Amino acid sequence: MKSLRWTAVAGIALTGILATACGVPGAGGTTVASDLAGGPVTQRVTAEDVKAMGDTKLRVLADAGEENTLKALVPLYEKKYPNVKVEVATKGFDDLMKTVVNSMSGSDAPDLAQGNQGYGTDGPLVKAGLIRPLDDVMRTYGWENTFTEGALKQYRWSPDGSIFGSGSLYGISPATEYVGVFYNTDKLAKLGIAPPQTYAEFTAALDRVKAAGEQPIMLGNAEKYPASQVIGLVQGQNVPSRDVRSWISGVPGTTVADPGTVDAARTVQDWAAQGYFGPGYNGISSDDAVAKFGAGEGAFLVAGSWNAPSLQENMNGKVGFTLPARADGTRATVGSLGLGWHIGAKTKKLPAAVAFLDLLMSDEFAQTIADVGRTPVTGAGKVKAGSPVVEQVNTIGLKLLVDDGQNFYLDWASTTMYDTIGAKTQDLLAKHTSPSGFAKALQDDREAFAAKQRADRKAAS
Amino acid sequence: MSGLRAWSARQYWPAFFYLLPAAVFYTLFVLRPLGQTAWVSLFTWDGITEGRWVGADNYSALLDDGRIPSAIAHSLVFVVFYAVFPVALGLFLAALMSRIRVRGLSFFRAVLFLPQILATVVVAVSWRWIYDIDGPLNAGLRAVGLGSLARAWLGDYDTALPAVGIVGTWVMYGLCMVLFLAGVQKIPTELYESARLDGCGPIREFFTVTLPALRGEIAIALVLTITYALRNFDLVWNTTAGGPGTSTTVPSVFVYQGAFLTHEVGSAAAISVCLTAVVLVVTGVIMRLVRGKEG
Chain Y
97 MKSLRWTAVA GIALTGILAT ACGVPGAGGT TVASDLAGGP VTQRVTAEDV
147 KAMGDTKLRV LADAGEENTL KALVPLYEKK YPNVKVEVAT KGFDDLMKTV
197 VNSMSGSDAP DLAQGNQGYG TDGPLVKAGL IRPLDDVMRT YGWENTFTEG
247 ALKQYRWSPD GSIFGSGSLY GISPATEYVG VFYNTDKLAK LGIAPPQTYA
297 EFTAALDRVK AAGEQPIMLG NAEKYPASQV IGLVQGQNVP SRDVRSWISG
347 VPGTTVADPG TVDAARTVQD WAAQGYFGPG YNGISSDDAV AKFGAGEGAF
397 LVAGSWNAPS LQENMNGKVG FTLPARADGT RATVGSLGLG WHIGAKTKKL
447 PAAVAFLDLL MSDEFAQTIA DVGRTPVTGA GKVKAGSPVV EQVNTIGLKL
497 LVDDGQNFYL DWASTTMYDT IGAKTQDLLA KHTSPSGFAK ALQDDREAFA
547 AKQRADRKAA S
Chain V
3 MSGLRAWSAR QYWPAFFYLL PAAVFYTLFV LRPLGQTAWV SLFTWDGITE
53 GRWVGADNYS ALLDDGRIPS AIAHSLVFVV FYAVFPVALG LFLAALMSRI
103 RVRGLSFFRA VLFLPQILAT VVVAVSWRWI YDIDGPLNAG LRAVGLGSLA
153 RAWLGDYDTA LPAVGIVGTW VMYGLCMVLF LAGVQKIPTE LYESARLDGC
203 GPIREFFTVT LPALRGEIAI ALVLTITYAL RNFDLVWNTT AGGPGTSTTV
253 PSVFVYQGAF LTHEVGSAAA ISVCLTAVVL VVTGVIMRLV RGKEG
């Protein structure tokens, strides 16, 4: 009896399976656009071009961090192009990363969307042909004069999305962001330490803070990535930017298991062992670390430049910002331009979308970007910051671009690197792995990714 | 064949129409996705572009994946914390509550059941605060002079796994207790009386009367809690995200990463198919063992 009942259940299950097993997943869902959406852009889009579209809607998908920028931009845009209504949807960063590829592949994809540089998000967008190359727009609007070629590389891809760092430009952003060192001005003054300008001064300052019985660096590493930014900061001292970026973009024959990176890992491991990060950093979230630093814990905070406005407010201006220079006076650190803005490959509103990017990237809008607390690359250096610490952030940020010292983020190097680097950084700090073991794990991850890409290409051809 | 005929003759066929609506929904929203997952697991697929047939490659790759054995080991530890402890605790509380007349029993019952109805993210965030380096747990330890034990419980390689496990125990014991209390109330009081007449103490009484009578409830509780332990994802993800290092990773973390972060939908599907199979086998064995032949 029982076996019969099971046969019946199995039969139902099998029918269910057969009902669905009807084709290759993803087949026919997306076709790679072979033509440029809307044709090539050869001259600047004028108000008349946009007007010719009639009453229409421009749909924009953006990161929540972009909200204040867009709140200022959209009214300006709608005033300039009254026939276009801009419809903005924002999502938190994690959420956006998980959904943007699917949103862009849907039948009613937004006209403009933000991705993220590297193999995790922009790679799949390019590979699936979901976003439009912007070389023509770049040339028409002269973006290559605003940005150094080294910085633009982060938006460049081979047409099949398998290699980044060269090829067509697929995205753009007017802002720059990077990891630097915040310091508590009161604390440094009390200890008689001048704000460090060079790396040697920075490490000397750490030792002095420690000797005075205070915690040198506030760190919250529960999310696993913040400590890897500390390693990146030190790596910037040891390894030429070009080498770091070549490795991230997957140039064959490059390795991250080089002496400079291993040394950076060892330095940060030593700092952890000597108690420079205080206790329990692996159990403190990065937001909590910023809050604790704001409340006066720790002399330094290694964190993203984007924290400047909130720290300025929380610490009543008792905060400064620096990026230790290398021995030759140049600077390099973990950093990139903002999340790239992409035009959807299926958009039917190209003039409106290009006009949107034009306004966003214009020098006249740069001051507004600075006013919401970000660092614009646009604005020809004439932008005024709202507070001294933001001023420091902006000045150093532009200098960093001139030095061509944006090292990008190591986790762009493969789809799994974010996870690998996070876990391995925690292992490194807890001495569960050695500095060379740490570097080797990163290298192994990228090599496994490269092997998978090769297998994919072989299977596709 | 004659068996089938006899079986079919004994059926009251219109009864199947009553099953139909549920069966349709079940097929549509459970069996169909299940079948789809199994099908996708045979492809290399990034979730967007056309997938590529690889047969069982995703499964054989799992065997070579060094991350899987430790993830399974963590899952087994979670089975102890999410299933064994809550069932033991639930039995103890049920035995206690059934013997002693407590004033406002239903109030205590509701309070003890509360963890079960809270959203997991709320639970995770609260416990993250409890375990925080400056949180109440460490404050308590320092207050009683055990400050040397204070640590970031979720950020420490030695304590993260049991720390997450204890959260699971806290979430699940209420469910077990309520199940067992309901079961205890069905036990005829005559059984207890005769046990007492035979001179049983409370412990003996528990083992000879209560425990055997709760067999069915224990089976249900074990199935629910072990399933929860094996597919556990939300608690781990929201407390430690698998860290520090990889000390709290579980197979479901890889399913999530594959499906949403690294765009390896095929291999993520393969892991979830294996996970489903393991859950089915384990629960099947438990039903057999605990419920015996009547199952």
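These protein sequence lines are chains Y and V, in that order.
Numbers in the numbering used here are just positions in the first sequence, counted from 1, shifted up by 96.
Numbers in the numbering used here are just positions in the second sequence, counted from 1, shifted up by 2.
Ideal placement from N, C-alpha and C gives every residue a C-beta, glycine not left out.
This one's a predicted model, so the numbers in the text were calculated from it and none came from an experiment.
Closer than 8 Å by C-beta to residue i: which residues in its own chain qualify, once you throw out the five before and the five after it? Chain order, please.
i: Y:Y514; result: G216, Y321 and D507
i: V:R111; result: M99, M179, V180 and L183
i: Y:L287; result: R304, V305, A308, E310 and A395
i: Y:N378; result: N317, A318, Q522, L525 and A526
i: V:A154; result: Y133, D134 and I135
i: Y:T558; result: Only positions 97 to 557 of chain Y appear in this structure, which leaves residue 558 of chain Y out of reach.
i: Y:A115; result: Residue placement at Y:A115 cannot be trusted, given a pLDDT of 49 that sits under 50; the coordinates are not used to answer.
To which residues of the same chain is residue i closer than 7 Å at the C-beta, ignoring the five residues directly before and after it?
i: Y:G533; result: none
i: V:L242; result: One point to set straight first is that residue 242 of chain V is Thr, not Leu, in the sequence displayed. Closer than 7 Å at Cβ, skipping near neighbours: L156, A162, V166 and T250.
i: Y:G400; result: E273 and V275
i: V:L22; result: none
i: Y:F452; result: L154, Y173 and L208
Do residue j and residue i have their beta-carbon atoms positioned less than 8 Å apart in this structure?
i: Y:T281; j: Y:V415; result: yes
i: Y:S432; j: Y:Q210; result: no
i: V:F45; j: Y:V120; result: yes
i: Y:S270; j: Y:P472; result: Correcting the residue identity first, residue 270 of chain Y is Pro in this sequence and not Ser. Yes; because the gap between Cβ atoms is below 8 Å, this pair is in contact.
i: V:V211; j: V:V42; result: no
i: Y:D558; j: Y:Y237; result: Residue 558 of chain Y lies beyond the residue range present for chain Y, which begins at 97 and ends at 557; the question has no answer from this structure.
i: V:H313; j: V:D48; result: What the structure shows of chain V is the stretch from 3 to 297, and residue 313 of chain V is not part of that stretch, so it cannot be assessed.
i: V:V238; j: V:V257; result: no
i: V:A126; j: V:N234; result: no
i: V:T39; j: Y:A224; result: no
i: Y:L192; j: Y:D159; result: yes
i: Y:I517; j: Y:S381; result: no
i: Y:N179; j: Y:G150; result: yes
i: Y:W253; j: Y:D218; result: yes
Beta strand (DSSP E) containing residue i: first to last residue?
i: Y:V415; result: V415 to T418
i: Y:T272; result: A271 to N280
i: Y:Q598; result: Since the first residue shown for chain Y is 97 and the last is 557, residue 598 of chain Y is missing from the structure and cannot be characterised.
i: Y:F260; result: That residue, Y:F260, is in no beta strand (DSSP E); it is neither H nor E in DSSP.
i: Y:S432; result: G431 to L433
i: Y:G400; result: F396 to G400
i: Y:W437; result: W437 to I439
Excluding five sequence neighbours on each side, which residues of the same chain lie with their C-beta closer than 6 Å to the C-beta of residue i?
i: V:L277; result: P253
i: V:L216; result: F182 and G185
i: Y:W367; result: none
i: Y:R422; result: Q333
i: Y:V184; result: V156 and L166
What residue does the alpha helix (DSSP H) around residue i start on, and which one ends it?
i: Y:I268; result: Per DSSP, Y:I268 belongs to no alpha helix (DSSP H) and is neither H nor E.
i: V:V225; result: R217 to R233
i: Y:I517; result: M513 to L525
i: V:W41; result: R34 to V42
i: V:H76; result: R69 to V81
i: Y:K561; result: No answer is possible for residue 561 of chain Y: it lies beyond the span of chain Y, which begins at 97 and ends at 557.
i: Y:E240; result: W239 to T242
i: V:A184; result: A162 to K188
i: Y:N549; result: At residue 549 of chain Y the sequence reads Gln, which differs from the Asn that was named. It spans P531 to A556 - the alpha helix (DSSP H) in which Y:Q549 sits, taken as one unbroken run.
i: V:S254; result: P253 to Y258
I'd like to know whether the C-beta of residue i is nearer than 8 Å to at least one C-beta of chain C.
i: Y:T512; result: Chain labels in this structure do not include chain C; the protein chains are Y and V.
(message) Does the contact criterion of 3 or more C-beta pairs under 8 Å hold for the region 460-478 of chain Y versus the region 525-540 of chain Y?
(response) no
(request) Kindly provide the ranges of any alpha helix (DSSP H) runs that are 4 or more residues long and lie completely inside the region 146-194 of chain Y, ordered along the chain. (result) 163-176
(message) I want to know whether the region 342-350 of chain Y touches the region 244-261 of chain Y - three or more CB-CB distances under 8 Å.
(response) Put simply, the region 342-350 of chain Y touches the region 244-261 of chain Y. At least three CB pairs are less than 8 Å apart.
(message) Assess contact between the region 136-153 of chain Y and the region 439-458 of chain Y, defined as three or more Cβ pairs (one per stretch) separated by less than 8 Å. Is contact present?
(response) yes
(request) Evaluate contact between the region 411-429 of chain Y and the region 498-505 of chain Y, counting only Cβ atoms and requiring at least three cross-stretch pairs below 8 Å. (result) yes
(message) Can you confirm whether the region 260-272 of chain Y touches the region 227-239 of chain Y when touching is taken to mean that 3 or more C-beta pairs between the two stretches lie within less than 8 Å?
(response) yes
(message) Suppose only complete runs of 4+ residues qualify. What are the alpha helix (DSSP H) ranges in the region 321-363 of chain Y, listed by chain order?
(response) As for any alpha helix (DSSP H) of minimum length 4 sitting wholly inside the region 321-363 of chain Y, the runs are 322-334 and 337-345, ordered along the chain.
(request) Count the CB pairs spanning the region 367-379 of chain Y and the region 306-314 of chain Y that are closer than 8 Å, and state whether there are at least three. (result) yes
(message) Below 8 Å, how does it come out for the region 58-77 of chain V and the region 268-285 of chain V: are there three or more Cβ pairs, yes or no?
(response) Counting Cβ pairs under 8 Å, three or more are found: they touch.
(message) Three or more C-beta pairs under 8 Å: does that hold for the region 253-263 of chain Y against the region 289-301 of chain Y?
(response) no
(message) Quick check for students: name the residue ranges of the alpha helix (DSSP H) that lie wholly in the region 445-478 of chain Y, counting only runs of 4 or more.
(response) 446-456 and 459-467
(message) Under 8 Å: do the region 217-234 of chain V and the region 8-15 of chain V share three or more Cβ pairs, one atom per stretch?
(response) no
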